[in-house]
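Here is the structure we will look at, set down as structure tokens.
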Amino acid sequence: MQTIFVMVKCELGRSYQVADEAVDIEQVSEVHSISGQYDLMLKCYLDGDVDIGQFVVDHIQLLPGVKDTFTLIAFKAFS
Numbered sequence: 001m002q003t004i005f006v007m008v009k010c011e012l013g014r015s016y017q018v019a020d021e022a023v024d025i026e027q028v029s030e031v032h033s034i035s036g037q038y039d040l041m042l043k044c045y046l047d048g049d050v051d052i053g054q055f056v057v058d059h060i061q062l063l064p065g066v067k068d069t070f071t072l073i074a075f076k077a078f079s
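Structural data, given as structure tokens:
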């Protein structure tokens, strides 16, 4: 299992619409509204054999209202 965080910059006025669409993607576990250069942060869990770049391009970047993305790959979760 791979964990990634995708920060999403939305078109003006579209953040809530993008968030509503993103939560319906099976691999997206959490969607947070954030401040700064990006509007949303998505926490995603992907199977080990899934191509991260292809997932982001096919499932996140094609959501209506998405302008830009920035992807972080997590190595280890500490509890």
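Here full-length UniProt numbering is used: the first residue of the sequence shown is 1, the next is one more, and so on.
Note that the Cβ used here is the ideal one computed from N, Cα and C, for glycine as well.
Treat the numbers as computed from the prediction; the structure is a model and nothing was measured.
Residues of its chain near residue i, where Cβ-Cβ distance is below 8 Å and the 5 sequence neighbours each way are ignored
i   : result
D39 : V8, K9, C10, S15, V18, S33
M1  : Y45, L46, D47, G48
D51 : none
S35 : none
Rounded distance between the beta-carbons of residue j and residue i, thought under 8 Å
i   : j   : result
Q27 : F55 : 7 Å
I4  : L72 : 7 Å
Reduced DSSP category for residue i - H, G, I as helix; E, B as strand; rest coil
i   : result
D68 : strand
A19 : helix
I34 : coil
For residue j and residue i, the rounded distance between their alpha carbons
i   : j   : result
D47 : L63 : 21 Å
A77 : M41 : 17 Å
A22 : F75 : 23 Å
Same chain, Cβ closer than 7 Å to residue i, neighbours up to 5 away in sequence not counted
i          : result
K67        : K9, C10, E11
Q61        : T69
G65        : C10, E11, R14, Q17, V18
residue 81 : This structure cannot speak to residue 81, because the chain is shown only from 1 to 79.
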